[in-house]
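Scroll down for the structure; my scribbles are underneath it.
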């Protein structure tokens, strides 16, 4: 009995797959796009705005005729339900809906988990926001690409900006969230920093648990240690809480803070953040982007987004738009290569490699390993009368190709080989 | 019959100021039917609890069948053959009458089989004969919680009998039973005891019952044995008449 | 670790313990009187914080001075306690007092699940944070370390005041005495003509208010995010269990114990910080299952 | 044929045939079955009147053991991994049980909860060993000696889980009817008397505890190999609560109850995830409250009212 059932199951399942495979060639009525994003949990501070952005921008794309007349139809999956529940949801959307394209996701942990599954399901998966460099360095994928930078690019840029602001810094303490991003980003940051400035003393490495709500003890300890610089790659509620408690207790007066993800908290934190804090944007996204701020595409979208949500776009919003632009560009490239015929998933996946496209800010290039090259933007907070929250001054934009691990190398090792000459590279322009 | 079946030496126990066991020296020979009389709080049940290992005495010792059982748990003592029934029937309220007895029977072997169903794990005859003795054979499939008090008492006793004890201690077997039922109940119990030739101690208030069924009577007053002897002697004893029977 | 750091660890530990104590107090009260561990108690903590943030935000929008927060925070707690606590008691709890403990736990667990989503539906998923009161009260330096007066002074003193108030309420007020009576024996109290229904309601509402108060007090220093209650419930479990169920003084000591242990571990072995409360709970339950300050027996046999 | 038997057959057919129509549902079905097996374990304890809000400890512990093993020896057969899971669960049960079964009621529940939270916190903390809160991934291992594609693998795993569920359900039923099992039920109604008839309450409960731990361990292994992932979340107290939830929902009267409960649980979750996002907990909450008041003995009790025992009953104490 068991075997017969088994074989029946296989037949059924296979037939479904075959059918799906056949469909891919014909130009479909619509292109289903599955999007994983945090709709619940702490990370929904990125996820919810990104969802709004996706809806707005897909509307805009469809209004312009979609991809060769094929309209995009998004379906959203909540990343907040926990990795295991997320996986079965992901499978459901792909297998049930015959969805051919997925945008996943925000959490590095989730990307690490989803990438092999996507390869397994033979579905094009665009990692639109997660930062972990490991996923594409540890394994070569055909169906998985990333339309933005990875942790290495972001951390190297952060170190460079820090050393530009404080060339002779002596000591640093770190306070990151206790999970993959917090640990890995610190490893990259530390290796880079020590490569460029071996004499820096690391006085404390604190990893309070993800979603911790009370940092007063950590703050007391940091005040007692008096590090010259305090790094935190935390984000969302955790970052807000830490920054607020730190500001309330004057820690931000005694130490220079470098917060590579704080662009996403600027507006929420309002005036809590003092002047002169180093803030990163996980990319070159900023509504006052020194090169692009007058570009209509950026201007219009920022305005549209503000009309809808009442707040300025944050990096997850830019990343979502960038992911969708990358998707569209990939399909158009594949269609051209396919002599105007609708491409198969495989053709699109291959077309994504070597693709050059532009989101709302600078052009992004996708390498043959699927990794996107995205410039990095950092600056110092400055309160101004025009805005209710600090804006960035002394902005520097770092070209991605100079600060990204070459194809085939592993980041934690590569960053150790960075030479101090990089600091004085003429292509790192500062804008005021 | 050299060694006494049950022997307590200088048992002492006090809850704060209240002395419940006042240097009790007591021994019981095989085959006796001892009735324990005494007012509530005189220490009768405490004496039972000490003997069966539920309470540890502050001083003195309990020997059963020649062995010291003072520090042993109720479970071990029961397996040695000193078994009790309870004033308030202690049943497995979610089990049927027959299953209650079966569980007790299974307890006798002491082994916790994981495979054989309870029904097959114990001897059917043993269970049936005990149910027969106490006259519950007809109610075998009833839920124990559903029985009337009299029958609950009987079941409680049946669960003790099926362990084939050497000594059975019955704590007020007739309490909570209407007067006209009492004699029938005792008759049933005694028949069962005779059938198994069990030595027995029973706590009892009813003088008629005591004089009718006991071969020996011990009267408890304030934690000590005030009188001990044949029913005639003890029930004639003045102190007993005054403090226990209350005349 | 240098001498003054001990002092610092103590200060950090106390302000944390203060909140822990308030939550645990409510839970232990409910258990003392109704013999039920309320799994949804953490939800009152969460709701209290949200309510406080909402009211606070509104007040700030009205241009009210931050000082008003001193009124708004307890107000939020009372609203939450009466509204949700009252609702839960009348709709659920009073129907399960005679039920099997397993079912009681299950019902409160269901209530917890419902509250979890309720928060998300009402307050969304974005962090809430209204901290004007903290800045308003300013800071104090201890050994060159800056502390906010809010955490250094306000939180612990509120906790103490509440403790003393509750103690004397139970001792001297007639309702308080009735609560104590019911906690000793439901049946007898009923026989004595105490309206047990009413007392249960009062107790539960008071307990809910305490939980909510802790949330309200925490909200100015913490970004309020969904799921914040699930964490708190286990921590207050740890406190209540360590102290011994129904032990009010015990809860105070246990909260301080756990608060200090936690802050010291941040200085000495940061890796153990999250583990500490549970380790303490396990050790205590293992060697003194009835808790440090309770005389009850662990099992009935 | 009794109603529960019909229910069993219905469930089995549902689990095996549904995927033919909806291939994506295999994973939910596997997870549901795994959940049911964990609930089956919990229901053993509920029979003894005890409730554990920490049994996710065994699910999680075994899950990680399986993950470690699979990462160490990538070609270790999934069958062995499942066995390993059950074994580790049982082993943990022996150790933890040896002291936990001394406690009753709320103490039993809380001690379990505390221990599970220790494991949960530790797994999240020791990043280098456990991968922290992101957990550990494990590659798909061979099954019955064959390396399979995902789809085939899922099918085989599903069938295996269903067969195991049937087998275990039968074994548990057999156990509960045995002396040890009946003693377990007696322990609930009158522990004193149990001791007085010469049966050790400690042993009785310990045996039950080890069984429940082993079942939870097996389900942990199923979760792990079905998802290719283990996270500390598996050991969070809310998960323990969900297992109890499923057990009570389905009812402990008949083993099929655990799986009915799991079925309802997974269905509501899928349904809610698809149609009223972010409110599935709320739905489940109301479902359970409804159950407690309308059918406190669970769904399976509705199938055969006489056989199963009421959960709430007056207890007798000396």
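Residue numbers (the working numbering), protein chains in the order written: chain U, 4 to 435; chain E, 3 to 249; chain L, 3 to 303; chain A, -5 to 312.
For every residue, glycine included, the Cβ atom is placed at its ideal position computed from N, Cα and C.
Check whether residue i and residue j have beta carbons under 8 angstroms apart
| i | j | result |
| --- | --- | --- |
| residue 279 of chain A | residue 285 of chain A | no |
| residue 45 of chain U | residue 199 of chain U | no |
| residue 122 of chain U | residue 162 of chain U | no |
| residue 180 of chain A | residue 41 of chain A | no |
| residue 327 of chain U | residue 57 of chain U | yes |
| residue 112 of chain E | residue 173 of chain A | no |
| residue 109 of chain U | residue 314 of chain U | no |
| residue 244 of chain L | residue 283 of chain L | yes |
| residue 152 of chain A | residue 5 of chain A | no |
| residue 113 of chain A | residue 229 of chain A | yes |
| residue 38 of chain E | residue 205 of chain E | yes |
| residue 202 of chain E | residue 172 of chain E | yes |
Per DSSP, the bridge partner or partners of residue i
| i | result |
| --- | --- |
| residue 29 of chain E | E:9 |
| residue 221 of chain E | E:39, E:229 |
| residue 361 of chain U | U:366 |
| residue 77 of chain U | U:36 |
| residue 353 of chain U | Note: residue 353 of chain U sits in no beta bridge, so no partner. |
| residue 432 of chain U | U:400 |
| residue 226 of chain L | L:130 |
| residue 23 of chain E | E:15 |
Unbroken beta strand (DSSP E) run spanning residue i, endpoints
| i | result |
| --- | --- |
| residue 172 of chain U | No beta strand (DSSP E) holds residue 172 of chain U; DSSP gives it neither H nor E. |
| residue 96 of chain L | Residue 96 of chain L -> no beta strand (DSSP E), and no H or E assigned at all. |
| residue 92 of chain A | Element bounds for residue 92 of chain A: not the beta strand (DSSP E) but the alpha helix (DSSP H), 72 to 94. |
| residue 135 of chain E | Segment 126 to 135 is the alpha helix (DSSP H) holding residue 135 of chain E; no beta strand (DSSP E) there. |
| residue 194 of chain L | Premise fails: residue 194 of chain L is in no beta strand (DSSP E) and is neither H nor E. |
| residue 260 of chain U | 259 to 262 |
| residue 65 of chain E | 61 to 66 |
| residue 154 of chain E | Per DSSP, residue 154 of chain E belongs to no beta strand (DSSP E); it is in the alpha helix (DSSP H), 151 to 163. |
Residue interval of the alpha helix (DSSP H) (run including residue i)
| i | result |
| --- | --- |
| residue 230 of chain E | From DSSP, residue 230 of chain E is part of no alpha helix (DSSP H) but of the beta strand (DSSP E) over 226 to 231. |
| residue 206 of chain L | 198 to 220 |
| residue 140 of chain U | 137 to 141 |
| residue 248 of chain A | Element bounds for residue 248 of chain A: n/a, residue is neither H nor E. |
| residue 7 of chain L | 5 to 36 |
Residues of its chain near residue i, where Cβ-Cβ distance is below 6 angstroms and the 5 sequence neighbours each way are ignored
| i | result |
| --- | --- |
| residue 210 of chain A | 32, 35, 49, 52, 53, 83 |
| residue 107 of chain E | 124, 128, 129, 164 |
| residue 273 of chain L | none |
| residue 13 of chain L | none |
| residue 26 of chain U | Caution is warranted here: a pLDDT of 44 is assigned to residue 26 of chain U, below 50, making its placement in the model unreliable, and the coordinate value is therefore given only provisionally. No residues qualify anywhere along the chain. |
| residue 185 of chain A | 195 |
Cβ neighbours of residue i in the same chain (closer than 7 angstroms, five flanking residues each side left out)
| i | result |
| --- | --- |
| residue 362 of chain U | 321, 324, 325, 328 |
| residue 167 of chain E | 83, 84, 85, 200 |
| residue 154 of chain U | 134, 135, 136, 187, 188, 191 |
| residue 359 of chain U | 366, 368 |
| residue 6 of chain L | 145 |
| residue 198 of chain E | 163, 166 |
Own chain, CB closer than 8 angstroms to residue i, minus 5 neighbours either side, in chain order
| i | result |
| --- | --- |
| residue 188 of chain A | 177, 180, 181, 195, 198 |
| residue 247 of chain U | 272, 275 |
| residue 156 of chain A | 6, 9, 10, 27 |
(Q) Just to confirm the assignment: which complete alpha helix (DSSP H) runs, minimum length 4, are found wholly within the segment 145 to 201 of chain A? (A) 173 to 183, 185 to 190, all fully within the segment 145 to 201 of chain A.
Q: Return the chain-ordered ranges of every alpha helix (DSSP H) run that is complete within the segment 80 to 158 of chain U and spans a minimum of 4 residues.
A: If only uninterrupted alpha helix (DSSP H) runs of at least 4 residues are considered, those enclosed by the segment 80 to 158 of chain U are 86 to 100, 111 to 124, 137 to 141.
**Q.** Length-filtered (4 minimum) alpha helix (DSSP H) runs lying within the segment 63 to 88 of chain L
**A.** Correct list: 71 to 82.
Q: May I have a chain-ordered list of the alpha helix (DSSP H) segments no shorter than 4 residues that lie completely inside the segment 99 to 174 of chain L?
A: Counting whole runs of 4 or more residues, the segment 99 to 174 of chain L contains the alpha helix (DSSP H) stretches 103 to 125, 134 to 139, 157 to 174.
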